[in-house]
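**Q** Position in the sequence shown (first residue = 1) + 19 = the numbering used here.
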Amino acid sequence: MDRIHLVECPRDALQGWPHQVSTEDKVAYYRALLDVGFDTIDVGSFVSTKAVPSMANTAKVLTVIEDEGMLPKQGTRILVIAANERGATAASKFETIDDIGFPLSLSETFQQRNTGASIEEAFSRLDNIQNICLNNSKRLVVYLSMGFGNPYGEVWHPEMLTEFSDRLRRDLNVEVIALSDTVGTAVDHVVEDAFSAVITELPDIEFGAHLHLHATAGLSKIEAALRGGCLRFDGAIRGIGGCPLAQDALVGNAPTERMIELFVNRGLWSIGNERAWDQSQNLASEIFSEV
C-alpha cells in the first residue's frame, strides 16, 4: 500500500493557545519534532501579529533553527502559513522553509473574516504568492477551508471542492490542496465521497485532509478519508487547536498520536525515531498543560 504523508501542525495548536509560548520553548519542541520523521511540519505563520499574536515570533524561531543548524531530517518538509503577499515574501527569505500554505475558503464570509479579502481577491493574491514561491524555490499549498459545510447559510455543495481545486490547478498550477473541515461538522460519507470525487477528477493533485474531530470521537473521519483515497493527513499532538468557529471547545485537530497508531498498525507509516517521538509528546504535555 502507499505510504501516508503525515503533517504535524504545532502552528495550528499554538496559535489559539491562551498563553504565549516563548521562542526558546518553541525551538525545543520543534527540535524534538524534527527528529521524529514527520513528512511535513507546519511550524508557524507570517500573518498579522495583531490578529494572531502567538505567531509573532515565527521569524525568530526559524532564525534560531537555521543558525543552530537544526535542519530537518531528509524528507521532512517545513511549512508556514501566509495570508498575503507580504507574508509570503517574508517567508520566502528562509532557506529552511519548503512550503507556503494559503487559506482559501469556499465561504465568502469566512474568507473575509480570515484574510480580509473576497474569494476573488484571494485568487489574485494566490497568483502573486505562487510567483513568489516559484521565484524562491518554494511550493504553494492551498487549504480549502469550509470544505465540508458552511455555517453562514451561504451556498455550499460538494461539487465546489472539485470546482475550486480544478481552478487552482488549471490557473495557478497548484500541486497540493488540503480539504479542511473547518467547523468540525463533516460526516463520514461526505468526507469519503469528497475525496473520492476530487482524486478521481484531478489525479495529478496531492490532496490532503485537515479534519477537526471531537475529543470523544474516534477516527472515523480519518478512515473515511482513507477510503476515499486520501494519503495526506494533518494532525496535532493531543488534538490541540482547531477553529473557534466550531462552537465546541472539545473540537480540535486530529490527534497525531492516535493517527500514528492507526497508520502504523496498517503499515502505512513508521516512526523514524521513537525516542524523539516520546520526547515530543512529553514536551507537548508541558507546553499544553491545563490552564
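By construction, the Cβ of each residue, glycine as well, lies at the ideal position given by its N, Cα and C atoms.
Identify whether Thr201 lies in helix, strand or coil by the three-state DSSP scheme.
**A** coil
**Q** Can you tell me the Cα-Cα spacing of Tyr171 and Val83, whole angstroms?
**A** 41 Å
**Q** When burial is assigned at 16 or more other CB atoms within 10 Å of the CB, is Arg251 buried or exposed?
**A** buried
**Q** State the start and end residues of the unbroken alpha helix (DSSP H) segment that holds Ile279.
**A** Thr275 to Asn284
**Q** Could you check whether Glu211 and Trp243 sit closer than 7 Å to each other, using their CB atoms as the reference points?
**A** It is Ala, not Trp, that sits at residue 243 in the sequence shown. Their beta carbons are under 7 Å apart, which means Ala243 touches Glu211 by this criterion.
**Q** Do you know how far the Cα of Glu225 is from the Cα of Thr219?
**A** 12 Å
**Q** Tell me whether the beta-carbon of Ile256 lies closer than 7 Å to the beta-carbon of Ala303.
**A** yes
**Q** In angstroms, rounded to a whole number, what distance separates the CA positions of Asn272 and Glu173?
**A** Straight-line Cα distance between these residues: approximately 25 Å.
**Q** When you compare the CB positions of Gln298 and Ala70, do they come within less than 7 Å of one another, or not?
**A** no
**Q** For Glu127, which of Asp118, Gly120, Leu98 and Leu163 has the nearest alpha-carbon?
**A** Leu163
**Q** Using a Cβ-Cβ cutoff of less than 8 Å, which residues in the same chain neighbour Thr115 once the five nearest sequence positions on both sides are dropped?
**A** Leu81, Ile84, Glu85, Leu90, Pro91 and Ile97
**Q** Which runs of the beta strand (DSSP E) at least 3 residues long sit entirely within the region 38 to 118? Give them in chain order.
**A** The region 38 to 118 contains these whole beta strand (DSSP E) runs: 59 to 65 and 96 to 101.
**Q** With 16 as the cutoff for other CB atoms within 10 Å, does Lys157 come out buried or exposed?
**A** buried
**Q** Leu145: which of Arg132, Met179 and Ser184 sits nearest, CA to CA?
**A** Ser184
**Q** Could you say which of Gly258, Tyr48 and Arg186 lies nearest to Ile306 if we only look at CA atoms?
**A** With distances taken between Cα atoms, Ile306 lies closest to Tyr48.
**Q** Can you name the residues that DSSP bridges to Asn272?
**A** His231
**Q** Spatial neighbours of Gly291 within its chain, please: C-beta separation below 8 Å, excluding the five flanking residues on both sides.
**A** Asp54, Val55, Gly56 and Lys92
**Q** Look up Glu225 in the DSSP assignment and say whether it is helix, strand or coil.
**A** strand
**Q** Could you check what DSSP says for His24 in three-state terms: helix, strand or coil?
**A** In the structure shown, His24 sits in a strand (DSSP, three-state: E or B).
**Q** What does Val160 pair with, by DSSP beta-bridge criteria?
**A** Gly120 and Val195
**Q** Within a Cβ cutoff of 7 Å, which residues of the same chain sit near Leu191, ignoring the five residues on either side of it in sequence?
**A** If we look at Leu191 and ignore the five residues flanking it on each side, its Cβ neighbours are Leu145, Asp146 and Gln149.
**Q** Please name the residue in Asn284, Gly258 and Arg277 whose C-alpha comes closest to that of Pro29.
**A** Measuring from the Cα of Pro29, the nearest candidate turns out to be Gly258.
**Q** Output yes or no for whether 7 Å exceeds the beta carbon distance between Ala136 and Ile119.
**A** no
**Q** Of the choices Ser111, Asn301 and Gly63, whose alpha-carbon is the least far from that of Asn154?
**A** Distances from the alpha-carbon of Asn154 to those of Ser111, Asn301 and Gly63 put Ser111 closest.
**Q** How far does the alpha helix (DSSP H) with Arg312 in it extend, from its first residue to its last?
**A** Residue 312 falls outside the range modelled here, since the chain spans only 20 to 310, and no answer is possible.
**Q** Count the other CB atoms, across all protein chains shown, that sit within 10 Å of the CB of Asp223; report buried if there are 16 or more and exposed otherwise.
**A** exposed
**Q** Quick one: what's got a C-beta closer than 6 Å to Ala197's C-beta in the same chain, skipping five residues either side?
**A** Tyr162, Gly227 and His229
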